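Notes follow once the structure below has been shown.
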Amino acid sequence: KAGVTQTPRYLIKTRGQQVTLSCSPISGHRSVSWYQQTPGQGLQFLFEYFSETQRNKGNFPGRFSGRQFSNSRSEMNVSTLELGDSALYLCASSQGQAYGYTFGSGTRLTVV
Amino acid sequence: DQQVKQNSPSLSVQEGRISILNCDYTNSMFDYFLWYKKYPAEGPTFLISISSIKDKNEDGRFTVFLNKSAKHLSLHIVPSQPGDSAVYFCAAHGEGGYQKVTFGIGTKLQVIP
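Protein sequence lines, in the order shown, are assigned to chains H and B. The numbering used here applies: residue -6 is where the first sequence begins, and numbers increase by one. The numbering used here applies: residue 1051 is where the second sequence begins, and numbers increase by one.
Now the structure itself:
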């Protein structure tokens, strides 16, 4: 069974640009969550989608947005990129919280 | 405000000995606790979980202990192996439906051969 797939793996963008990251969950998983990982900050929760609806949202500015499609694939968008947005962005899918979350390998975003 | 705290950024243990990773939390609404392991350039991998109705859960070499009154949990790895060297994240969420999962900042474990 295929795992969680995130594309692209690496990305370099310039300040002020926008970026879209993609996540394909494990087949059958309807919940998709996004996290930002930076050194010293651990995994910071961005948002979680279930059946195309945003269920939970973390404490990030409105420049960070996401969506989920009917096939459970999810995209995350960051507009007006800042240097501080450089991080590893992780997507995780779940079939139920008691089963834990399966993470993708992440997209490493570098803003220059 | 960090609701899940991992106060030890790193830990070194000799191969074959016990590794104990600690985690404290402040939110009394947390009802479910998880541990994840992360290797460089990979996403975190789910290791083991425990619900608040238990005080211990064991899976092979991994055991998680929960002390609700102290709002403390720990992960024990016995015996430790060099392949266990990774960053370990503690996470927690409340009960019911899909709750936001809060992660700690991680503890880097190094198992020395």
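Glycine residues also receive a C-beta, built at the ideal position from the N, C-alpha and C atoms. Bear in mind that the values here come from a model prediction, so they are computed numbers and not experimental data.
With 16 as the cutoff for other CB atoms within 10 Å, does ALA1141 of chain B come out buried or exposed?
-> The residue you call residue 1141 of chain B lines up with position 91 of the second sequence. By the 10 Å Cβ count, ALA1141 of chain B comes out buried.
How many angstroms separate the CA atom of SER58 of chain H from the CA atom of GLN29 of chain H?
-> Against the first sequence, residue 58 of chain H aligns to sequence position 65. Against the first sequence, residue 29 of chain H aligns to sequence position 36. Between SER58 of chain H and GLN29 of chain H, the C-alpha separation is close to 13 Å.
Specify the secondary structure class of ASP1177 of chain B as computed by DSSP and reduced to three states.
-> Because chain B is modelled from 1051 through 1163, residue 1177 of chain B falls outside the range shown and cannot be assessed.
Step through the CB atoms of chain H and report whether any lies within less than 8 Å of the CB of GLU1108 of chain B.
-> Residue numbering aside, residue 1108 of chain B sits at position 58 when the second sequence is read from its first letter. False, the Cβ-Cβ gap to chain H never drops below 8 Å.
Between the CA atoms of LYS1150 of chain B and GLN88 of chain H - distance to the nearest angstrom = By 1-based counting over the first sequence, the position of residue 88 of chain H is 95. By 1-based counting over the second sequence, the position of residue 1150 of chain B is 100. Distance between the alpha carbons of GLN88 of chain H and LYS1150 of chain B is about 15 Å.
For PHE40 of chain H, count neighbouring C-beta atoms within 10 Å of its own C-beta (all shown protein chains included) and say buried if the count is 16 or more, exposed if not.
-> Position 47 of the first sequence, counting from 1, holds the residue named residue 40 of chain H. Per the 10 Å Cβ criterion, buried.
Partners in chain H for ALA1142 of chain B, counting only beta-carbon separations shorter than 8 Å | In the second sequence, counting from the first residue as 1, residue 1142 of chain B sits at position 92. By Cβ distance, chain H contributes nothing, its closest Cβ being about 11 Å from ALA1142 of chain B, past 8 Å.
Would the beta-carbon of GLY9 of chain H fall within 8 Å of that of THR73 of chain H?
-> Position 16 of the first sequence, counting from 1, holds the residue named residue 9 of chain H. Position 80 of the first sequence, counting from 1, holds the residue named residue 73 of chain H. Contact flag set, yes.
Decide if the stretch 1064 to 1071 of chain B is in contact with the stretch 1125 to 1139 of chain B; the criterion is three or more beta carbon pairs, one per stretch, under 8 Å apart.
-> yes
Could you give the residue range of the beta strand (DSSP E) that holds PHE1083 of chain B?
-> In the second sequence, residue 1083 of chain B corresponds to position 33, counting from 1. Start and end: 1080 to 1088.
Do the stretch 42 to 50 of chain H and the stretch 1085 to 1099 of chain B touch if we need at least three Cβ pairs shorter than 8 Å?
-> no
For GLN11 of chain H, the nearest candidate out of H:THR95, H:ASP78, H:SER98, H:GLN(-1) (CA to CA) | Residue 11 of chain H sits at position 18 when you count from the first residue of the first sequence. Of the candidates H:THR95, H:ASP78, H:SER98, H:GLN(-1), the one whose C-alpha sits nearest the C-alpha of GLN11 of chain H is H:ASP78.
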